[in-house]
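S.K.: Its first residue numbered 10, the sequence shown is counted upward by one per residue in the numbering used here. This structure is in structure tokens; I'll ask about it shortly.
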Amino acid sequence: MRTFKIMGMLLAYPTEDLQQHMDELKAVITEEKLIPQKIMKPLLGFMDDLARRNLMRVQEDYVANFDRSRAHSLYLFEHVHGESRDRGQAMVDLLDLYKSHGFELAARELPDYLPLFLEFLAILPFEQAKELLGETVHILGAVGAKLKAKKLGYQHVYRALEALSDAKADEKFVEQALLDAEQEDTSLEALDKEWEETPAFDGDASCAVCPSATRHQGTAGAAPTVQ
10 MRTFKIMGML LAYPTEDLQQ HMDELKAVIT EEKLIPQKIM KPLLGFMDDL ARRNLMRVQE
70 DYVANFDRSR AHSLYLFEHV HGESRDRGQA MVDLLDLYKS HGFELAAREL PDYLPLFLEF
130 LAILPFEQAK ELLGETVHIL GAVGAKLKAK KLGYQHVYRA LEALSDAKAD EKFVEQALLD
190 AEQEDTSLEA LDKEWEETPA FDGDASCAVC PSATRHQGTA GAAPTVQ
């Protein structure tokens with residue numbers, strides 16, 4: 010279902026192409042009717058806002074909200090494993106799942122990047138996609154709650170993803186995530202220190218599950234296509 014891929018596009022680094030094709034993306038998710046109306050209405054409003062705002066401002070906000078805050082990380086396993094070696098094994102397992110369905114990653118893409126994961130779900134039968142998305146619902150609920158607490162429009166994408174999964178986020182997990190987010194240091198100094206730390210994974214730069222030098226991966230730089 011194309012709705013999954015479109016949700017991933019909305020979470021990728023914003024581009025002029027995304028803004029120009031927003032009406033088409035809105036038409037697709039409206040036609041597929043997978044998202045409940047009470048969630049769809051604010052989501053469409055967010056998409057309108059994303060399309061009409063100055064692109065540079067939108068990109069600056071995106072970097073501030075996702076690249077400078079682990080609390081909002083778009084890398085799923087980072088919320089569970091951090092940068093431990095357990096994350097590396099989890100990514101290998103996810104990569105194997107992708108390969109078993111003929112879904113190939115570009116060089117240096119990390120398999121737990123949420124927009125990429127959603128692009129993968131879009132090629133699966135709907136029930137299977139919902140089930141796999143449901144396995145991430147605690148993370149989606151936690152990040153969505155943190156975005157809501159900061160009154161950020163991206164919360165509506167996460168609400169839509171929760172609704173698509175048909176699963177319920179664990180309230181205790183979400184509450185703890187909110188507490189952890191309050192203590193996070195998002196200063197540039199803290200970010201620099203984080204990047205100076207030794208990576209948790211071994212291997213050369215071509216390794217498909219090694220840390221990448223760029224935060225903007227998946228469909229971030231591509232023109233929106235939802236076929």
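Backbone N, C-alpha and C define an ideal beta-carbon position, used for all residues, glycine too. Remember, it's a predicted structure, so these values are computed and weren't measured experimentally.
Between which two residues does the alpha helix (DSSP H) carrying residue 124 extend?
M.R.: 123-130
S.K.: Can you name the residues that DSSP bridges to residue 163?
M.R.: Paired residue(s): none; residue 163 is not in a bridge.
S.K.: With contact counted as at least three CB pairs below 8 Å, one residue from each stretch, are the segment 120-129 and the segment 155-164 in contact?
M.R.: Counting Cβ pairs under 8 Å, fewer than three are found: no touch.
S.K.: Any contact of the segment 16-35 with the segment 138-145, i.e. 3+ C-beta pairs under 8 Å?
M.R.: no
S.K.: Consult DSSP for residue 22 and reduce its assignment to one of helix, strand or coil.
M.R.: Three-state DSSP puts residue 22 in coil, outside helix and strand.
S.K.: Tell me which residues share the same chain as residue 172 and place their Cβ nearer than 7 Å to its Cβ, disregarding the 5 neighbours each side in the sequence.
M.R.: These residues qualify, in order along the chain: 44, 45, 48.
S.K.: How would you write the range of the alpha helix (DSSP H) that residue 48 sits in, first residue to last?
M.R.: From DSSP, the alpha helix (DSSP H) with residue 48 extends over 46-61.
S.K.: Mind checking which residues open and close the alpha helix (DSSP H) that includes residue 66?
M.R.: 64-71
S.K.: Let me check understanding here. Comparing Cα to Cα, which of 102, 84, 98, 25 lies closest to residue 65?
M.R.: That would be 25, whose Cα lies nearest to the Cα of residue 65.
S.K.: Taking Cβ positions, are residue 20 and residue 188 nearer each other than 8 Å?
M.R.: no
S.K.: Counting pairs of beta carbons, one from the segment 57-75 and one from the segment 159-166, are three or more of them closer than 8 Å?
M.R.: yes
S.K.: Using the C-alpha atoms, what's the distance from residue 125 back to residue 14?
M.R.: 8 Å
S.K.: To which residues does DSSP link residue 84 through a beta bridge?
M.R.: 122
S.K.: DSSP on residue 10, reduced to helix/strand/coil?
M.R.: coil
S.K.: Rounded to whole angstroms, what is the Cα-Cα separation between residue 23 and residue 82?
M.R.: Cα to Cα, residue 23 sits roughly 16 Å from residue 82.
S.K.: Looking at C-alpha atoms only, which residue of 89, 107, 183 is the closest neighbour of residue 150?
M.R.: If we check each option's Cα against that of residue 150, 183 comes out closest.
S.K.: Leaving out the 5 sequence neighbours to the left and right, which residues in its chain are closer than 7 Å to residue 103 when beta-carbon positions are compared?
M.R.: Around residue 103: 120, 121.
S.K.: Quick one: what's got a C-beta closer than 7 Å to residue 139's C-beta in the same chain, skipping five residues either side?
M.R.: Around residue 139: 173, 174, 175.
S.K.: Can you tell me whether residue 170 is helix, strand or coil according to DSSP?
M.R.: helix
S.K.: Got a sec? Which residues, its chain only, sit under 7 Å from residue 11 by beta carbon, not counting five neighbours each side?
M.R.: Excluding residues within five positions, the ones whose Cβ falls inside 7 Å are 37, 41, 131, 235.
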